[in-house]
Amino acid sequence: MMRRTARLRVARLRITRLAIVVVVAGSVGVVFAAPAGAHGIGGTQPSNYETTLTRVTPSVPGVTVEVVDLGNNLRLTNSTDRDVVVLGYDGEPYLRIGPRGVFENRKSPATYLNRTRIPTKGAPAVADSDAAPVWHEVSSGNVAVWHDHRAHWMGTTAPPAVQRDPDRRHLIDRWTVPLRVGTRAVAAHGVLEWVPPPSPWPAVALAVGLAALVIGLSRTRWWRRVLVVTLAVMVVCATLHTVGHWGATSAGFGTRFTESLYGIVGIALGLLALAWAWRRGVEAAVPFVLVAAIFLLIATGLGDISTIGHSQVPSSLPASVARLAVTITIGLGVGLAVAAGLRLRVLVPPRPEAPAVTS
Numbered sequence: 006m007m008r009r010t011a012r013l014r015v016a017r018l019r020i021t022r023l024a025i026v027v028v029v030a031g032s033v034g035v036v037f038a039a040p041a042g043a044h045g046i047g048g049t050q051p052s053n054y055e056t057t058l059t060r061v062t063p064s065v066p067g068v069t070v071e072v073v074d075l076g077n078n079l080r081l082t083n084s085t086d087r088d089v090v091v092l093g094y095d096g097e098p099y100l101r102i103g104p105r106g107v108f109e110n111r112k113s114p115a116t117y118l119n120r121t122r123i124p125t126k127g128a129p130a131v132a133d134s135d136a137a138p139v140w141h142e143v144s145s146g147n148v149a150v151w152h153d154h155r156a157h158w159m160g161t162t163a164p165p166a167v168q169r170d171p172d173r174r175h176l177i178d179r180w181t182v183p184l185r186v187g188t189r190a191v192a193a194h195g196v197l198e199w200v201p202p203p204s205p206w207p208a209v210a211l212a213v214g215l216a217a218l219v220i221g222l223s224r225t226r227w228w229r230r231v232l233v234v235t236l237a238v239m240v241v242c243a244t245l246h247t248v249g250h251w252g253a254t255s256a257g258f259g260t261r262f263t264e265s266l267y268g269i270v271g272i273a274l275g276l277l278a279l280a281w282a283w284r285r286g287v288e289a290a291v292p293f294v295l296v297a298a299i300f301l302l303i304a305t306g307l308g309d310i311s312t313i314g315h316s317q318v319p320s321s322l323p324a325s326v327a328r329l330a331v332t333i334t335i336g337l338g339v340g341l342a343v344a345a346g347l348r349l350r351v352l353v354p355p356r357p358e359a360p361a362v363t364s
C-alpha cells in the first residue's frame, strides 16, 4: 500500500512538472510572439524624447488639443457646433472634427503617411494635396486621435547635439500643427526635447540583490512565509504596472485589454497560487507559485525591461515608480522562480526501497 501511494505521488509530481513546462513554454511563446517594437507585451514603446504642447493660438473655447501616448499621437476634442479641420503637411485639409463626427480626407497625403510612425514609402498616387477633399467618416464622435510626424523625432539615429552630449537635456525642435476652426486660422504649438535616460545599473543591482535575498531566505525555516510574501509583493507590483499601463494609452477598451491581458493573467495566477497556499498549505502550492512567478516575471518584468533605461515610460504612474515596479518584479521573480524550483525538488518523495530478500 505504501509503495502504491509513493508511486501515485511521483506520478502526480511528474504531471505537475509537465504542466509547469507547458505553461512556461506557452507563456514565453506568447510573450515573444508580440509585435516587434511593442511596449513589453504590447502598446507604446518607452522613449527618451518628450513631446510637449506649449499653447494653442488663438485659444478657442470648446476645442482642446493634447499630446498622448508619449508623443506618438495628438488628440483633439471639439465640443463646439463648428467643424475643426486639421491641416496636413502641404497645408491641405487632413482631418475634420465636428458635430457630425470625425472624417479623414482620402486625398490628403497625410492620411497615408500617418499610418506608420516612420513611413518607409511615400503616399500613393491617389493622394493629391491640391485636389478637392474626399471625406470619409472614421468616427461618429467629436474626438480625433492621430499620429503626426511634426510632433516626434523622425530620425533613425540621435540628433547631433544628443550624440555629442547625451547626458544633458536638449531642445530638438519646435513644432506646429495648423488648424482651422470655421474660417479662423488656429495653430497648436509645442516642443520636442531629448530627456537623458537614467542609469540602469542601480536597477540591475537592486534586482540582483532582491533575487539573492529571496533565494537565501528560502533556504531557511521561514521559507513558507518567504514564498508567500514574495509572490504577494509581485502581485502588487504587477497590479500597479497594469493599472499604470492601462491609463497611459489613448486606445479603446478592447486594445487596452489586449495589451494588458498577460499582466491580468499573471495577476490571476498569482492570486490563485496565494489562495491555494491559504487553503492547502504552502507545500501543496509550490508548483502554482512557480508557474505564477515565471509568468509574472515574463509578462510584467522582463517584457518591460526596456523601461529601466528610458526617461519616458508609458505609464500613468510617475516614471520612477513604474521603473521601480518593473525592477522589483524582475528581482523577486527570478528569486522566487529559483526558490520555488529548489523547494519543489526538495518535496520530491524518495524512491521506496525494495524489501530486503532473506534466504
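Each position in the sequence shown, counted from 1, maps to that position plus 5 in this note's numbering.
We put the CB at the ideal spot given by N, CA and C, even for glycine.
Source: prediction; values computed, not measured.
Can you name, in chain order, every residue of its own chain whose Cβ lies under 8 Å from the Cβ of residue i, other than the five neighbours on each side?
i	result
His175	Pro164, Ala166, Val167, Glu198 and Trp199
Ser144	Gly106 and Val107
Arg348	Ser223, Trp228, Leu232 and Val291
Going by Cα to Cα distance, which pick from the options is closest to residue i?
i	options	result
Gly76	Leu92, Thr56 and Pro124	Thr56
Leu100	Val182, Asp74, His157 and Pro66	Val182
Thr49	Thr85, Ala256, Gly160 and Pro63	Ala256
Gly346	His315, Ser321, Ala330 and Glu288	Glu288
Asn119	Ser311, Leu322 and Ala156	Ala156
Val238	Pro292, Gly306 and Arg80	Gly306
Leu215	Arg348, Val291, Leu329 and Pro171	Leu329
Gly160	Tyr54, Arg169 and Val65	Tyr54
Could you tell me the alpha carbon to alpha carbon distance between residue i and residue j, rounded to whole angstroms?
i	j	result
Ala38	Pro203	Residue placement at Ala38 cannot be trusted, given a pLDDT of 42 that sits under 50; the coordinates are not used to answer.
Gly252	Thr332	20 Å
Val343	Ile299	10 Å
Ile269	Val231	23 Å
His154	Ile102	19 Å
Gly187	Thr121	29 Å
Trp140	Phe262	31 Å
Val191	Thr82	14 Å
Val131	Val150	23 Å
Trp228	Val148	53 Å
Pro138	Asn110	5 Å
According to DSSP, is residue i part of a helix, a strand, or is it coil?
i	result
Trp158	coil
Ala344	helix
Gly96	coil
Arg185	strand
Ala132	coil
Ile335	helix
Val240	helix
His246	helix
Thr56	strand
Thr260	helix
Trp251	helix
Leu322	coil
Thr281	One detail in the question is off: residue 281 reads as Trp in this sequence, not Thr. In the structure shown, Trp281 sits in a helix (DSSP, three-state: H, G or I).
Thr69	strand
Gln50	coil
Please confirm whether residue i and residue j have their CB atoms less than 9 Å apart.
i	j	result
Gly93	Thr116	yes
Val70	Leu58	yes
Ala278	Leu236	yes
His315	Ser52	yes
Thr247	Thr254	no
Arg185	Val61	no
Within its chain, find whatever has a CB closer than 7 Å to the CB of residue i; leave out the 5 residues flanking it on each side and keep chain order.
i	result
Leu302	Thr334, Ile335, Gly338, Val339 and Ala342
Ser134	Gly93, Asp95, Glu97, Ser113 and Pro114
Ile220	Gly340, Val343 and Ala344
So, at 6 Å on beta carbons, what are the nonlocal neighbours of residue i in its own chain, with the 5 sequence-adjacent residues on each side left out?
i	result
Ala208	Ile313 and Thr332
Arg179	Val196
Pro104	Asp86
Ala282	Val233 and Ala290
Val73	Arg80 and Ser255
For the ligand GTP, is there a heavy atom less than 8 Å away from the beta-carbon of residue i?
i	result
Val65	Looking at this structure, you won't find the ligand GTP or any other ligand, since it has none at all.
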